[in-house]
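Here UniProt numbering is used: the first residue of the sequence shown is 1, the next is one more, and so on.
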Amino acid sequence: MAYPWFLTVTWPLDVDGGDYPLSMPGPYWKRFRSSFCEFTAVLVRQCQYSVIYDGCLMDAVISLLVGLADSGVRAFRHTSTLAAVKLLTALIGVALNVGVHLDSTQRLYEVEQNKVSGKKTSCRLEQLLQKQKELQNKQQEIENMMSAIFKGAFLQRYRDVIPEIRVICIEEIGVWMKMHSQMFLSDSYLKYVGWMLHDKQPEVRLKCLVGLQGLYAIPEHVTKLDLFTSRFKDRIISMTLDKDHEVAVQSIKLITFMSQNCEDVLTPEDCGLLYQLVYSAHRPLAVAAGQFLYKRRLRCQETEQEGTLTESKGKLSPSGSSITTLINFFLESEFHKHAAYLVDSLWDCAAHLLKDWEGMAALLLEYPGQTEEALSDAQENALIEIIVATVRQAAKGHPPAGRGAVRKVFTAKDKKAQLEDCLKFTNCFTEVLPELLAKYSTDAEKVANLLQMPQYFDLDVCCTGWLQKHLDSLLKQIKAIVWKHSDTDVLEVCSRTYQVLCKEDLPMHSQVNSARSQLINELVDKFNQLLDDFLQEEEGLCADEEGTDQILSALKRITAFHNAHDLTKWNLYEKMFRLLTAGKEHGGLPDQIVVYAVQCTYYSLLWQLTSSLERFSSGETPLALRTRVKGYFQICRHYLAHDSIAIREQAFMVLCDLLMVCSHQLNSDDCETLDLLKFTPETPLQSELLSFIQRHVFTEQVEENHSKSKSSALLCFALRAGVGGTS
């Protein structure tokens, strides 16, 4: 049961307490508040034709509410203010209704006056004139009531010390301006909203912004907001950096309405500040900024080109000008590693543009009719990053790392749309990816980005139908890239691509596995040949600069593939250990070769350990592997004291990793022989590791190019490995 307003003001409560019916939590009290507000509206609506004009009821009610609005009791002020502003809202409805009847009466009066003189009815004119005067008197009375409430309640309470009361006032004045713009949408009322944009409480600032959105969204209202806009525009723009995220989001939405309906209200500097918010870590803020960017810069391009289609490979696709505009914005922003954040910000409002994979691929391949000018190298790099980000977004459906801690819960509709998107970009890039790789085969950055796409493909689709014929072409291009590049990033992404395409549950497994084995055979044969030439004269080091570069490139390729693939059958451990031993005994081994050899040897040991667990359980002895682990520890101890900091760090990290594997991750409950693989570092090794930490982490003088972040990483490695736990 809802209580009338006059009972709430006499509700027994503690003067200093904060709980009273209109502020108490819970669904029951929310319904009570709603019923209280509804009662005020119903009271006025039921009395609008007679009682409210009798000079008794409304005068008494307004006097009571205005008096209580000045009370020192918080509950009384809150209740009376809410009742007063809701009463004013209800009176506005009556005033508008009276205004409609007054206009209708005025038109009827003019019609009667315009009749032929002989047909005029003086009685009828007098009746209309009398009714018109009555309506004008009613309108004047209602305006007097509204003025009394505004001056007695709103003006007294819109700066109340209680934020909830200020929220009530600001929220309702926004309603008044929309309902009765002729009276309230003027600078004399707008100034109160503008002043409260500086309120200390985010709830109040938020209500100001939401109310203004309703005004700026209507073009007819914009002309009345010119002075307000010029005075408070800078404040609204500054609120996009508000410490309260919701306030910042609503301020961008308000500026978007202002940009749409107010000509030249934003300067290029203003827009530049707002555009950068698409890279914000707070996703709602970034999405709001993305909508502003789309409506301000991208949609205008689409509007200009609406209805214009260009032919590409026998298909019709949208013009690439909007995509080019997006590329240019990405380059101008200078956040060249944040394409995923830009795409995520635009995903909700510009998905049709971001999912135009055929159009974007055509821009890269320079099909006729796509652009007036070819893309520059920087534009091509940017477009490739954007394509990869859109493919990832479509496949995963989640924001990039650092933007949104809670993963999205997919509905059946979302999953269906995701599958359709995966099918779309798989069909597109399975066909054109080999062409793109062939075109950019010499550009390490471009191929490293392009080769990320296969991990998001719907591989079941690739294995069927006409798309399978493009698999051979893709594998050939990847193989050519492996031989052409020695950049670590390129080699690692090639290795991961083989890993993704070579899953055992895929029909293409045998085809990809055969191509992978052939490539690794060639890599190992080349490495063996170079290693034999490199280690001559009784294991001495003999190579010129060209030979050193060749073996380093071969070693990088082997290491990148050994990281993701089990290459145990090629017996790389013996070759790497031979190389490290030669460097230890004779010296002169280039630093980079040592680093990659240490890393590759470590991968070899890990793969042997993983693949041998089942054999150990069947009775095979792990003594040989234990001997290899001990030998590897000894060789790493030697390089832990090397002159090169890169070698020392690599040796330290693999030692700590291997200590974790051999000390904590082996479960010997089912196999007693696995106890032989558990390794506790000897006291000298522990001392050397601790000494390394002291020299490279806890010293004040840090060597050149040795960053604090790397020092922290080294310390984390040591702590995870338990270094010093038994010292």
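C-beta atoms are modelled at their ideal positions from N, C-alpha and C, and glycine is treated no differently. Keep in mind it's a predicted model, so treat the numbers as computed, not measured.
In the three-state reduction of the DSSP assignment, L375 falls in the coil class, being assigned neither a helical nor a strand state. Contact check between the segment 590–609 and the segment 630–643: three or more CB pairs, one atom from each, fall below 8 Å, which counts as touching.
Taking E385 as reference, the option from K415, V73, L354 and L57 with the minimal CA-CA separation is L354. Annotation: the continuous alpha helix (DSSP H) that includes A339 extends over A339 to L346. Two segments are said to touch when three or more pairs of C-beta atoms, one from each, lie closer than 8 Å; by this definition the segment 204–223 touches the segment 159–174. Nearest to K86 by C-alpha distance, out of A412, M146, R578 and E380, is M146. The beta carbons of A350 and Y275 sit no closer together than 8 Å. Beta-carbon to beta-carbon, P400 and D348 are separated by about 15 Å, too far to satisfy the 8 Å threshold.
C-alpha of R516 to C-alpha of L459: approximately 17 Å in a straight line.
Residue nearest to K476 within the set D487, L433, E492 and L277 is L433 (criterion: CA-CA distance).
Straight-line measurement puts the Cα of T430 at about 54 Å from the Cα of L225. In chain order, A582 place their CB closer than 6 Å to the CB of L535, counting only its own chain and leaving out the 5 sequence neighbours on each side.
Secondary structure within the segment 559–611: the alpha helix (DSSP H) runs of 4 or more consecutive residues, fully enclosed, are 572–586 (chain order). Under the three-pair Cβ rule at 8 Å, the segment 187–203 counts as touching the segment 225–240. C169 and Y341 have their alpha carbons spaced roughly 39 Å apart.
By a beta-carbon distance limit of 8 Å, L91 contacts V44. Their separation comes to about 6 Å. Its Cα nearest to that of Q650, the residue H696 stands out among H696, Y189, P268 and Q139. Under a 10 Å Cβ-count criterion, R283 is classified as buried, with 16 or more other Cβ atoms of the shown protein chains found around its own Cβ. Annotation for R77: the continuous alpha helix (DSSP H) segment containing it runs R74 to Q113. When the alpha-carbon of M183 is set against those of A153, I142 and I162, the nearest one is in I142. With distances taken between CA atoms, G290 lies nearest to V278 out of V278, D103, L298 and R297. In this structure C123 is exposed. Its beta-carbon is surrounded by fewer than 16 other beta-carbon atoms within 10 angstroms.
Between the alpha carbons of F561 and V524 lies a gap of roughly 11 Å. Taken through DSSP and simplified to helix, strand or coil, I162 comes out as coil.
Taking all protein chains shown into account, V482 has 16 or more neighbouring C-beta atoms within 10 Å of its C-beta and is therefore buried.
For G272, the enclosing alpha helix (DSSP H) starts and ends at P268 to Y275. With a threshold of 16 other beta carbon atoms within 10 Å, V629 meets it and is buried. At the C-beta level, T324 and V265 stay beyond 8 Å of one another.
In its chain, beyond the 5 residues on either side, A448, L451 and Q452 have a beta carbon closer than 7 Å to the beta carbon of V493. Contact between F292 and T256 holds: their C-beta atoms lie close to 5 Å from each other, under 8 Å. When DSSP states are grouped into helix, strand and coil, T390 belongs to the helix group. Out of A75, Q260 and G152, the CA that lies nearest to the CA of L88 is found in G152. One alpha carbon belongs to L658, the other to V594, and they sit about 18 Å apart. Secondary structure at Y440: coil, using DSSP grouped into helix, strand and coil.
With a beta-carbon spacing of about 6 Å, L108 and L128 fall inside the 8 Å limit used to define contacts.
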